[in-house]
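Chemist: Under the working numbering, the residue at position 50 of the sequence shown is numbered 79, and the numbers go up by one with no gaps.
Quick reminder that beta carbons are idealized off the backbone N, C-alpha and C, glycines included.
Note that this is a predicted model, so its numbers are computed, not measured.
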Amino acid sequence: MDTETIIVTIMGREFRINCSEKEREGLLLAVSYLNKKMLQIKNERKIVGSEQIAIVAALHMTHELLTMRPAKSFDMSEFKRKIKFIEDKLDELLPKKEKEDQ
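#1: Are there any heavy atoms of the ligand ATP lying less than 7 Å away from the beta-carbon of D104, as far as the coordinates show?
#2: The beta strand (DSSP E) with I39 in it runs from where to where?
#3: Which residue wins for smallest C-alpha separation from Q81, given the options D31, K118, R110 and G41?
#4: Quick one: what's N47 bridged to in DSSP?
#5: Please state if the CB of I84 and the CB of V60 are separated by a distance shorter than 8 Å.
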């Protein structure tokens, strides 16, 4: 399979990614979606660290994916409760951007 290296930008940072021509369009859509989600989280939650933003984005996107798929013996309400718990803990533990601006 022939691969090419493409340069993508997520939250202002450039990344080089190898992909095939068939994967290129889907990968670019995924990059666009991830970038929008991470910027939205950064702006709404005032989270500063890229790693924390990426984790929260991953949680949101995983939740979206799981709610679209039919669940087999999967407790969605328990999963949502755990996601909310993790988000609340992150909000408590992570420094707010507002505090840093002061």
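Modeler: Per the coordinate set shown:
#1: Among the ligands in the structure shown, none appear at all, so the ligand ATP cannot be discussed.
#2: The sequence position of residue 39 within the sequence shown is 10, counting from 1. Start and end: T32 to I39.
#3: Within the sequence shown, the letter at position 52 stands for residue 81. The shortest C-alpha separation from Q81 is found at K118.
#4: To locate residue 47, count along the sequence shown from 1; it is residue 18. Its beta-bridge partners are T34.
#5: Looking up residue 60 in the sequence shown gives position 31. Looking up residue 84 in the sequence shown gives position 55. It is not a contact, given that the beta carbons lie outside the stated cut-off.
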